[in-house]
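A short write-up of the structure that comes next.
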Amino acid sequence: MRAAGTALLTALDPATRESAVHSFDDEAARRWLEYRPRPRPGVCLAELDVTARKAAHRLLATALSPSAYAQAMAIISLEEVLDRAEGWQRGRHSADYWVAVFGDPARDDRWAWRLEGHHLSVNMTVVDGQVSPAPIFFGANPAAVRYAGRPVSRPLGVEEDLARALLDALGPAERAAAIIADEAPADIISATRGRVDAPLEPLGVPAERLGPTGRALLDQVVALYLDRLPPELAIREATRLDAGPLHFAWAGPTQPGRRHYYRVQGDDLLIEYDNTTADGNHAHTVLRRPASDFGADVLATHHQAHPH
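Position 204, counted from 1, in the sequence shown is what UniProt numbering calls 204; the numbers after and before it change by one each time, with no gaps.
The structure is reproduced here in structure tokens:
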């Protein structure tokens, strides 16, 4: 990751480098999450030449597993599909993604980076050689494009299907505890906040109440989101969560094609999924570590060893 970050900055000309690079201590720019089409810190990939653009993609690939990188590329390409569906009115384009680097990966013991645009935000913080990998937001609009009822494009389909399999595996009492509302919220609850200041109350059914099949499926849902990361990071995150309790909650109708939402919570873990706009064909998903987002965990360790 450090080598890829350095290669990206080397590939930028002075003007684009000035736009891309920010101070690590710029908290407002670094602790940023925006999955809507809005202005954002950094430099737009559309402004980069091919060499620099490929360097940005290679940096992104250091943070994602091969399957998650494929999802990210599908999400980016959906900007062209959405632009067509909207009659080319908003000028959406698949190069409207921005990369920002905080600090100098070649020299600093604290640095971070983000690649972000509509429905994609990947944030990585590196402190003393340790990577803190969150938040990671993936969305999709349209969530599914179909031909004769069969999916042609469905980049977040596994995220929906595994949660539905879990819900279907629950017994009546477990299901009643898991379903927290008849209607889904308008969006993920954590939204675009850089800090989840007030931890969400764990709602739904606790993992210890699930039978063997339900617990195995809940573990698969968690693994799916952790496996957005490269294997060494995913394993570390899974180990970090082993000792803590988990809760699974669902809101909205349970029939496919209706607006729905779910979340999984654990110790310093928040997974959210919603498909609640465009008549249930516009999905948002996020993996967060509420107490450790944007490197709060590795920074705390660093400050204990190196008081500032």
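Think of the CB as a built atom: it goes at the ideal place given N, C-alpha and C, for glycine as much as any other residue.
What you are looking at is a predicted structure, and each value in this text was computed from that prediction instead of being measured.
Whole-angstrom C-beta distance between residue j and residue i, which should lie under 8 Å
{"i": "A140", "j": "L156", "result": "5 Å"}
{"i": "residue 309", "j": "L8", "result": "In the structure displayed, the chain extends from 1 to 308; residue 309 sits before or after that span and is not available."}
{"i": "L226", "j": "E237", "result": "5 Å"}
{"i": "G117", "j": "Y97", "result": "3 Å"}
{"i": "L48", "j": "T16", "result": "6 Å"}
Residue i to residue j span [Cα, whole Å]
{"i": "T276", "j": "A207", "result": "26 Å"}
{"i": "D25", "j": "G211", "result": "47 Å"}
{"i": "L167", "j": "H303", "result": "43 Å"}
{"i": "G257", "j": "A184", "result": "13 Å"}
{"i": "P66", "j": "H284", "result": "20 Å"}
{"i": "V43", "j": "R215", "result": "43 Å"}
{"i": "A234", "j": "S190", "result": "22 Å"}
{"i": "R107", "j": "V298", "result": "18 Å"}
{"i": "Y69", "j": "H57", "result": "9 Å"}
{"i": "R240", "j": "S292", "result": "12 Å"}
{"i": "D158", "j": "P151", "result": "A quick correction: the sequence has Val, not Asp, at residue 158. The straight-line gap from Cα to Cα measures roughly 12 Å."}
Three-state secondary structure assigned by DSSP to residue i
{"i": "Q89", "result": "coil"}
{"i": "P14", "result": "helix"}
{"i": "F24", "result": "coil"}
{"i": "A249", "result": "strand"}
{"i": "M124", "result": "strand"}
{"i": "residue 355", "result": "One cannot answer for residue 355 here, as it falls past the ends of the chain, which runs 1 to 308."}
{"i": "Y35", "result": "coil"}
{"i": "P206", "result": "strand"}
{"i": "T192", "result": "coil"}
Buried or exposed (CB count within 10 angstroms, at least 16 for buried), residue i
{"i": "G280", "result": "buried"}
{"i": "N306", "result": "For clarity, residue 306 is His in the given sequence; the question names Asn instead. The residue is exposed, with fewer than 16 neighbouring Cβ atoms inside 10 Å."}
{"i": "G252", "result": "buried"}
Proximity test, residue i beta-carbon vs the ligand FMN heavy atom, cut-off 7 Å
{"i": "P135", "result": "This structure does not include the ligand FMN; it has no bound ligands of any sort."}
| field | contact_flag[the stretch 88 to 108, the stretch 261 to 270] where n(CB pairs < 8 Å) is 3 or more | value | Fewer than three beta-carbon pairs drawn from the stretch 88 to 108 and the stretch 261 to 270 are found closer than 8 Å, and the two stretches are therefore not classed as touching.
| Are there three or more Cβ pairs, one per stretch, closer than 8 Å when the stretch 73 to 93 is compared with the stretch 121 to 132? | With a cut-off of 8 Å, the stretch 121 to 132 and the stretch 73 to 93 do not count as touching, because too few Cβ pairs lie within range.
| request: Would you check if the stretch 149 to 169 and the stretch 217 to 225 touch, i.e. whether three or more CB-CB distances between them fall below 8 Å? | output: Touching, yes.
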